[in-house]
Structure formats: structure tokens, C-alpha cells
Amino acid sequence: MSRTEHARSLAASDPVIADRNITVESISDDCTVVSMPIQPSMCNAYNIGHGAYIFMIADVAMSLASSVEDGTALASSAHIDWLKPVEMNDTVRATATCQYASGRQARWTITVTDGNDEPVAIFRGRTQQLRK
Numbered sequence: 013m014s015r016t017e018h019a020r021s022l023a024a025s026d027p028v029i030a031d032r033n034i035t036v037e038s039i040s041d042d043c044t045v046v047s048m049p050i051q052p053s054m055c056n057a058y059n060i061g062h063g064a065y066i067f068m069i070a071d072v073a074m075s076l077a078s079s080v081e082d083g084t085a086l087a088s089s090a091h092i093d094w095l096k097p098v099e100m101n102d103t104v105r106a107t108a109t110c111q112y113a114s115g116r117q118a119r120w121t122i123t124v125t126d127g128n129d130e131p132v133a134i135f136r137g138r139t140q141q142l143r144k
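In my numbering, the protein residues as written are 13 to 144.
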């Protein structure tokens, strides 16, 4: 099974992806893109997208991007900078790219944009492949 097929298989079996209407737009060796509509139930008291959901879609993008054919990679750390609010009913898109990989570790940058393709958050994370 190729890396892309493995990532798509993970996406198909992930209940978070199904529950939050996350769409896998593309998966390749160098970039993974997912999108999600910001539903009213995902908004805070200010009627803007809750930061936890912005973090979640970035984490999903990193998870799929770090998938490997013969093992499991899990997040070992993550940091997010929220740049601007996301409006209710907007669609956010998370694009994950690998900045560094060596051995079982990788470093990722995920840019989250709104429906106007404006950055709303920058997420940086590290993944660790589990030993077999």
C-alpha cells in the first residue's frame, strides 16, 4: 500500500474526520490539504470559530501527512498561533508540509486559511514514528 493509499485509508476510518465533515482535498508525499466548514456548533460565545477546532483541523492535516506505509506516527508536540478569527459558516483549509525529517522524527508546518485564502493560523508540530 502506498503512503497516499495508507493516509486515505486512515482518513476513511477516522470518526473525527467524518463527524466534523472534514474533506481530504489532496494527499501527496510533500503536501496534504484538508478542509472543514465552520458550523454553528463549532463557534464560541462570540460567534466565531472556536480555536480548538482550528487546532483540530491542523492536527488532522499533520496526522495524514505523517502517515507511513509500515508504521504509525503520532504527534509528540504542537504549537499554534491564531492570526485572525474565522467566521461562522466559513470553510477553513489546512495545508501540511514537512519541514524536516530524520529517522523516526519529523517537523511540520500547517497553514490554516479561510475561504478567502487568508491565513488564520500557523501550526507547527512534531511527529514521532512508533517502533514496531
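Don't be surprised by glycine CBs; every beta carbon is placed ideally from N, CA and C.
In this text, all values refer to a predicted model and were calculated from it rather than measured experimentally.
Alpha carbon of residue i to alpha carbon of residue j, nearest angstrom
| i | j | result |
| --- | --- | --- |
| Q51 | M100 | 6 Å |
| A24 | S40 | 16 Å |
| V72 | D26 | 10 Å |
| M48 | D42 | 21 Å |
| H62 | T16 | 30 Å |
| N56 | A64 | 10 Å |
| N33 | T44 | 17 Å |
| Y58 | P97 | 10 Å |
| W94 | D129 | 15 Å |
First through last residue of the beta strand (DSSP E) which encompasses residue i
| i | result |
| --- | --- |
| D93 | A85 to W94 |
| M74 | Careful: M74 lies outside any beta strand (DSSP E), inside the alpha helix (DSSP H) at G63 to A77. |
| V28 | Run containing V28: none in the beta strand (DSSP E); it sits in the alpha helix (DSSP H), P27 to D31. |
| E37 | T35 to I39 |
| P49 | T44 to P49 |
| G127 | Unbroken run through G127: none, as it is neither H nor E. |
| V104 | T103 to S114 |
Same chain, Cβ closer than 6 Å to residue i, five either side skipped, listed in chain order
| i | result |
| --- | --- |
| V124 | I66, A70, V104, A106, V132 and A133 |
| A90 | G137 |
| M74 | A108, W120, I122 and G137 |
| I92 | F67, A133 and F135 |
Buried or exposed by the 16-neighbour rule on C-beta atoms within 10 Å, applied to residue i
| i | result |
| --- | --- |
| G115 | exposed |
| V28 | exposed |
| T35 | exposed |
| R126 | According to the sequence displayed, residue 126 carries Asp and not Arg. Under this definition D126 is a buried residue. |
| A30 | exposed |
| L76 | buried |
| A19 | buried |
Residues of its chain near residue i, where Cβ-Cβ distance is below 7 Å and the 5 sequence neighbours each way are ignored
| i | result |
| --- | --- |
| Y112 | A118 and R119 |
| Q140 | A85, L86, S88, R116 and Q117 |
Neighbour flag for residue i against chain B, beta carbons, 8 Å
| i | result |
| --- | --- |
| Q117 | No chain B appears in this structure, which consists of one protein chain only. |
Range of the contiguous alpha helix (DSSP H) that encloses residue i
| i | result |
| --- | --- |
| I60 | Note, I60: premise wrong, no alpha helix (DSSP H); not H, not E. |
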